[in-house]
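Working notes for the structure below.
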Amino acid sequence: MQSLDQLVTIDRSSPVPLYFQVAQRLQNLIESGQIPPGARLDNELVVAEQLGLSRPTVRQALQYLVEKGMLSRKRGVGTSVVNNRLRRKVEMTSLYEDLERAGRRPRTEVLSCELVPAPEKVAAALLLEPGTEVLALERLRFADDEPLAILRNHVRADLGVTAEGLASRGLYQLLRAAGTEVKAAEQTVGARQATATEATLLQESRGATLLKLHRVAFDADGRPVEFGRDLYRASLYSIDISVGFD
């Protein structure tokens, strides 16, 4: 990789703050692949000397990109470019298939898969009597061998989902193969802090911000078939929402 003084141009006459000029240029270089995932940047002092800037200005620029999830800073390792953040549109698609389309290698670790009596909230979502047996699933989804999401789902027990199938395919792929097509969903998006267990599974710090998606999915007949509560690493995952106006 070329030194940053050959890649980053600073306009000192511009009203745009110097740190933001550096951050924007680095972001463009990362997004275009000129600075590839995994590449390490020189330390703040070296970068400051290369660009003719103060160390606090460079630190502010790098921290801006850390907070956007584009750079990672670790003690003893330095600053490096993280893997491309997965951007997902709000539509009825499978995370497994989205990863495949994005050229990211999906892998699933099935943490649990068992029949349980439906808790009241699950039963209400799936229009079942409380206590009806449902299949409770918990999976850890990887992208390129990096943990991305914890997927927790309850599905009707008669839909042909198995732990063996989930280890190699996405949930919606399995449902389709068994004759159930997911056609619509009601979904809410929020955020919360990771518990100690979740942080360990996702290789995040305790209390790190996670995106949470709660969902009820419906088949072609309008029957609810899945109640999902998923958690995603906010540092690696974002959601695109398209809004139209008349």
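Each residue of the sequence shown is one higher than the one before, counting from 1 in UniProt numbering. Quick reminder that beta carbons are idealized off the backbone N, C-alpha and C, glycines included. From a predicted model like this one, the values you see are computed outputs, not experimental measurements.
Among the options, nearest to residue i - alpha-carbon criterion
i: E49; options: S3, P15 and A178; result: S3
i: P117; options: T79, L128 and R59; result: L128
i: L111; options: L71, R176 and A136; result: A136
i: L51; options: E67, Y64 and L26; result: L26
i: K74; options: E120, D230, P130 and G38; result: G38
i: E146; options: S168, E204 and V16; result: E204
i: C113; options: V216, L166, F142 and R141; result: L166
i: residue 265; options: S32, Q60 and G33; result: In the structure as shown, the chain starts at 1 and stops at 246, and residue 265 therefore has no counterpart that could be examined.
i: D42; options: G228, L62, E31 and E120; result: L62
i: D230; options: K68, V16, P15 and L151; result: L151
i: R107; options: E120, F142, L45 and A185; result: F142
i: D5; options: I35, P36, E67 and V47; result: V47
i: R223; options: E186, S14 and T197; result: E186
i: E198; options: I35, Y232 and P15; result: Y232
i: E31; options: P15, M70 and V16; result: M70
i: S80; options: I35, K121, A196 and G131; result: I35
Proximity of residue i and residue j at Cβ, strictly below 7 Å
i: V155; j: E109; result: no
i: A220; j: K183; result: yes
i: H214; j: T188; result: yes
i: E138; j: A157; result: no
i: T162; j: A191; result: no
i: Q193; j: G207; result: yes
i: A234; j: L201; result: no
i: R105; j: G78; result: no
i: L159; j: L175; result: yes
i: S72; j: V58; result: no
i: L7; j: L29; result: yes
i: Q21; j: I10; result: yes
i: L65; j: R55; result: no
Collapsed DSSP secondary structure at residue i in the structure displayed
i: T9; result: coil
i: A234; result: coil
i: S3; result: coil
i: A220; result: coil
i: R192; result: strand
i: Q187; result: strand
i: A204; result: Note that residue 204 is Glu in the sequence shown here, rather than Ala. Coil.
i: E91; result: Low per-residue confidence applies at E91: pLDDT is 42, beneath 50, and the placement is therefore not dependable, though the value from the model is reported in the following sentence. Coil, per DSSP.
i: V110; result: strand
i: V22; result: helix
i: V16; result: coil
Cutoff 7 Å: residue i Cβ touching any chain B Cβ
i: Y232; result: The structure shown contains no chain B; it is built from a single protein chain.
request  = Please go through the region 125–182 and give each complete beta strand (DSSP E) segment of 3 or more residues, from N-terminal end onward.
outcome  = 133–143 and 146–156
query = Which runs of the beta strand (DSSP E), 3 residues or longer, sit entirely within the region 26–89?
reply = 71–74, 78–81 and 86–89
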